[in-house]
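Colleague: For what it's worth, the UniProt record's numbering labels the leading residue of the sequence shown as 1, then goes sequentially.
In this text, a Cβ means the ideal position worked out from N, Cα and C, and glycines have one as well.
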Amino acid sequence: MKVSYWRGEKIRLRAPKSEDIHIFENLDDNILKNLDSVAFPRTNQQIEEWINEISQGASTESDDFYWIAEDASNNIVGTIEVSGCDAKNGTFDYAITVFPSHRGKGYAKDMILTILKHYFFELRYQKATICVYSFNTSSIALHKKLRFVEEGRLRNMIYTNGTFYDEVYFGMTKDEFNLFQQNPLL
Numbered sequence: 001m002k003v004s005y006w007r008g009e010k011i012r013l014r015a016p017k018s019e020d021i022h023i024f025e026n027l028d029d030n031i032l033k034n035l036d037s038v039a040f041p042r043t044n045q046q047i048e049e050w051i052n053e054i055s056q057g058a059s060t061e062s063d064d065f066y067w068i069a070e071d072a073s074n075n076i077v078g079t080i081e082v083s084g085c086d087a088k089n090g091t092f093d094y095a096i097t098v099f100p101s102h103r104g105k106g107y108a109k110d111m112i113l114t115i116l117k118h119y120f121f122e123l124r125y126q127k128a129t130i131c132v133y134s135f136n137t138s139s140i141a142l143h144k145k146l147r148f149v150e151e152g153r154l155r156n157m158i159y160t161n162g163t164f165y166d167e168v169y170f171g172m173t174k175d176e177f178n179l180f181q182q183n184p185l186l
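1. So residue 147 and residue 176 are supposed to be a Cβ contact under 8 angstroms. How far apart are they, rounded?
2. Three or more beta-carbon pairs under 8 angstroms between the region 125-142 and the region 72-81, yes or no?
3. Can you tell me the Cα-Cα spacing of residue 179 and residue 118, whole angstroms?
4. Short of 7 angstroms in beta carbon distance, which residues of its chain neighbour residue 77, apart from the five on each side in sequence? Order them along the chain.
5. For residue 85, I'd like the list of residues in its chain whose CB is within less than 7 angstroms of its CB, leaving aside the five on either flank, ordered along the chain.
6. Thinking residue 172 and residue 13 are a contact (beta carbons under 8 angstroms), I'd like their distance in whole angstroms, please.
7. Exposed or buried, which one is residue 116 when buried takes at least 16 other CB atoms within 10 Å?
8. Residues in the same chain with beta-carbon distance under 6 angstroms from residue 174, minus the five sequence neighbours each way, listed in chain order, please.
9. To the nearest angstrom, how far is the alpha carbon of residue 82 from that of residue 150?
10. So, at 8 angstroms on beta carbons, what are the nonlocal neighbours of residue 49 in its own chain, with the 5 sequence-adjacent residues on each side left out?
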C-alpha cells in the first residue's frame, strides 16, 4: 500500500503559520459551537499567542499536532487536531472542522483518512477516538460511514444555544481501519 504524506485525494495538510491568524479571527459562532468554544471574544494578541504556540510543530514529548487543510487550489478548507496521544497504549483523539463553504465536498473524510494513515502506519498507534456533539448529525453520519464504532454517549454534556446536547464517542482500531481500506464500499 502506498501512503502519501501529507496529501489525501482532495486535501493537503500543513502546519499552521503566523499568517493564518485571519482564519481564527473570522470564525463564526456556529463553527465555535461545534468546537465547544463559544466564549468571550479574544484579542488579536491572544489569538497570535495561540497561533505561535500551535505553529511550533510537534514536540519530542508528544505526537499531538494541529494541521491546516488546503484544497488543490490552496484554499483553506478546515483544520484537524490530534490530541491526547498516549504512545504507551497506542491511543489518540482528534477533532476536525470543515468551514461552511467547503462542507459536503469530501474534505472531512480525506482529512480523517490522512491522519489515520499516519498515526496507524507511521507512529504505531492502534486506536483513534473522536467525540461528536449530538447536534452535529453530519459528523455522526460521516463517522458511521467510515465504519467508526459508536462506543458511548454521555447525556446532556454540552450546553449551547439554550439546549443541552450529548457527547457521542466513536472509535476505530488499526485493524478496523485496515478492513475499511480493503473494502471501503461495504
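Modeller: Concretely, from the data shown:
1. Start at 1 with the first residue of the sequence shown, and residue 147 comes out as number 147. Start at 1 with the first residue of the sequence shown, and residue 176 comes out as number 176. About 6 angstroms; that satisfies the 8 angstroms criterion.
2. no
3. In the sequence shown, counting from the first residue as 1, residue 179 sits at position 179. In the sequence shown, counting from the first residue as 1, residue 118 sits at position 118. Spanning the two alpha carbons is a distance of roughly 16 angstroms.
4. Within the sequence shown, residue 77 is the residue found at index 77, counting from 1. Here the set comprises 11, 69, 70, 71, 98, 99, 102 and 107.
5. Numbered from its first residue, the sequence shown carries residue 85 at position 85. Once the five neighbours on either side are set aside, the close Cβ partners of residue 85 are 62, 63, 64 and 92.
6. Translated into the one-based positions of the sequence shown, residue 172 becomes position 172. Translated into the one-based positions of the sequence shown, residue 13 becomes position 13. That belief does not hold up - the Cβ atoms of residue 172 and residue 13 are roughly 19 angstroms apart, past 8 angstroms.
7. For the purposes of this step, residue 116 is taken as residue 116 along the sequence shown, with counting starting at 1. Classification for residue 116: buried.
8. On the sequence shown, position 174 is the one that residue 174 refers to. Same-chain partners within the cutoff: 120 and 126.
9. Reading the sequence shown from its first residue, position 82 is the one you call residue 82. Reading the sequence shown from its first residue, position 150 is the one you call residue 150. Rounded to whole angstroms, residue 82 to residue 150 spans 19 angstroms at the Cα level.
10. As a working mapping, residue 49 is identified with position 49 in the sequence shown. Around residue 49: no qualifying Cβ.
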